[in-house]
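Numbering (my numbering), first residue to last: 6 to 258.
We put the beta carbon where it would ideally sit given N, CA and C, even for glycine.
Working notes, beginning with the structure itself.
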Amino acid sequence: MSPVDSITVATAWGALTASGILVGALLGLFARLTHSAIARSMSIGAGLLLAAASVELAAEVLKITPYVGILVLLIGAASFSAGNAWLSAQGAKHRKRCGECVAQPTEAEMPNSGLAIAMGTAMDAVPEALVLGLVLHAHGPDAALIAAITLGNLPEAMSASAGMSAANRSNGWVLRLWGLIAVATALLTGAGFTLAGVLTEDTALLLQAFGAGALLAMVSETLLPEAVHEGPAFSGLVTAIGFAVLLLIASFT
Numbered sequence: 006m007s008p009v010d011s012i013t014v015a016t017a018w019g020a021l022t023a024s025g026i027l028v029g030a031l032l033g034l035f036a037r038l039t040h041s042a043i044a045r046s047m048s049i050g051a052g053l054l055l056a057a058a059s060v061e062l063a064a065e066v067l068k069i070t071p072y073v074g075i076l077v078l079l080i081g082a083a084s085f086s087a088g089n090a091w092l093s094a095q096g097a098k099h100r101k102r103c104g105e106c107v108a109q110p111t112e113a114e115m116p117n118s119g120l121a122i123a124m125g126t127a128m129d130a131v132p133e134a135l136v137l138g139l140v141l142h143a144h145g146p147d148a149a150l151i152a153a154i155t156l157g158n159l160p161e162a163m164s165a166s167a168g169m170s171a172a173n174r175s176n177g178w179v180l181r182l183w184g185l186i187a188v189a190t191a192l193l194t195g196a197g198f199t200l201a202g203v204l205t206e207d208t209a210l211l212l213q214a215f216g217a218g219a220l221l222a223m224v225s226e227t228l229l230p231e232a233v234h235e236g237p238a239f240s241g242l243v244t245a246i247g248f249a250v251l252l253l254i255a256s257f258t
């Protein structure tokens with residue numbers, strides 16, 4: 006497809022991916038799913054996002070500038086891990102957990118943990134939104150990447166919302182948080198699109214590699230712990246299915 010030619014259109018694509026956030030938040034609050042069901046959905050989401058980071062994002066960079074691209078990818082992963090380590094110490098370590106097996110801290114147990122959880126949740130959304138904006142500018146709507154982000158957002162928000170509710174955070178607080186994240190996701194996609202317009206092609210690719218590294222770290226540190234906790238049957242296979250689904254989407258588009 007041809008590159009997107011308008012920041013408004015790019016932002017609209019970002020809003021589409023954010024729809025998974027809102028649907029997941031509502032399911033997490035009101036569907037009352039078991040940990041096993043949430044863990045399997047997280048496995049699928051992890052597979053989708055791992056495929057997006059490796060096949061859709063990193064592979065393109067490594068074809069053009071492999072050594073520098075690998076370095077920048079590792080810097081992106083290290084940057085996310087550093088931010089996540091700091092936020093984890095403030096109470097956001099279990100922000101993607103559903104609360105049934107591993108509980109998020111309540112405000113009484115750890116004051117200001119709600120703010121840390123909100124900051125961590127916002128940080129998790131940054132890499133995928135920015136790289137989507139870059140890809141939209143360079144190549145146009147990539148069906149596989151858009152599907153991976155949209156469907157990957159759903160179990161993330163679902164598990165995190167269930168955990169927030171179990172930690173006695175009100176439905177209003179949870180929905181406001183995810184509503185703000187959804188809006189920020191759309192705006193960050195537009196920002197990535199705009200940024201790509203003032204960067205050279207090589208620099209934009211390196212920024213894409215940075216985002217891919219951050220996305221890989223995000224999946225490893227926030228999705229997979231919930232996906233494999235207490236070993237739901239065939240969780241590894243379910244993750245591979247998510248990975249394979251994205252490969253199929255990419256091959257057909």
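Please report the distance separating the alpha-carbon of residue i from that of residue j.
i           : j           : result
residue 242 : residue 149 : 20 Å
residue 144 : residue 10  : 10 Å
residue 253 : residue 24  : 22 Å
residue 193 : residue 147 : 17 Å
residue 248 : residue 128 : 23 Å
residue 101 : residue 170 : 12 Å
residue 120 : residue 83  : 23 Å
residue 204 : residue 80  : 19 Å
residue 70  : residue 207 : 8 Å
residue 46  : residue 237 : 11 Å
residue 186 : residue 97  : 16 Å
residue 94  : residue 113 : 16 Å
residue 37  : residue 244 : 22 Å
residue 165 : residue 217 : 22 Å
residue 13  : residue 177 : 29 Å
residue 72  : residue 151 : 27 Å
residue 40  : residue 17  : 33 Å
residue 99  : residue 174 : 14 Å
Identify, in the order they occur along the chain, each residue of the same chain with its Cβ nearer than 7 Å to the Cβ of residue i, setting aside the five sequence neighbours on each side.
i           : result
residue 28  : 159
residue 246 : 49 and 52
residue 182 : 123 and 126
Compute the distance between the beta-carbons of residue i and residue j, then report whether it is under 8 Å.
i           : j           : result
residue 226 : residue 86  : yes
residue 141 : residue 212 : no
residue 57  : residue 153 : yes
residue 4   : residue 232 : What is shown of the chain runs 6 to 258, which leaves residue 4 out entirely.
residue 3   : residue 55  : Residue 3 cannot be examined here, being either before or after the span of the chain that is shown, 6 to 258.
residue 62  : residue 136 : yes
residue 214 : residue 132 : no
residue 107 : residue 234 : yes
residue 30  : residue 162 : yes
residue 115 : residue 92  : no
residue 257 : residue 15  : no
residue 130 : residue 190 : yes
residue 195 : residue 19  : yes
For residue i, which residues from the same chain have a beta carbon less than 8 Å from its beta carbon, with the 5 sequence-adjacent residues on both sides left out?
i          : result
residue 74 : 63, 66, 67, 210, 211 and 214
Can you list, in chain order, the residues of its chain with a C-beta nearer than 6 Å to that of residue i? Leave out the 5 residues immediately preceding and following it.
i           : result
residue 77  : 211, 214 and 215
residue 155 : 22 and 25
residue 89  : 226
residue 167 : 33, 103 and 104
residue 111 : 172 and 173
residue 184 : none
My guess is that residue i and residue j are in contact by the Cβ rule of under 8 Å, so how many angstroms apart are they, rounded?
i           : j           : result
residue 109 : residue 172 : 4 Å
residue 179 : residue 34  : 6 Å
residue 44  : residue 240 : 6 Å
Return yes when at least one heavy atom of the ligand GTP lies under 7 Å from the C-beta of residue i, else no.
i          : result
residue 61 : As far as ligands go, the structure on display features none, and thus does not contain the ligand GTP.
Handout entry: Ranges of the beta strand (DSSP E) found wholly within the segment 128 to 190, counting only runs of at least 3
Key = Taking only runs of at least 3 residues, no beta strand (DSSP E) segment lies wholly in the segment 128 to 190.
Handout entry: Whole alpha helix (DSSP H) elements within the segment 7 to 70, 4-residue minimum
Key = Secondary structure in the segment 7 to 70: the alpha helix (DSSP H) runs of 4 residues or longer, each lying completely within the stretch, are 12 to 35, 40 to 56 and 64 to 69 in chain order.
Handout entry: Ordered list of alpha helix (DSSP H) runs contained in the segment 69 to 99, each at least 4 residues
Key = Taking only runs of at least 4 residues, the alpha helix (DSSP H) segments lying wholly in the segment 69 to 99 are 71 to 92.
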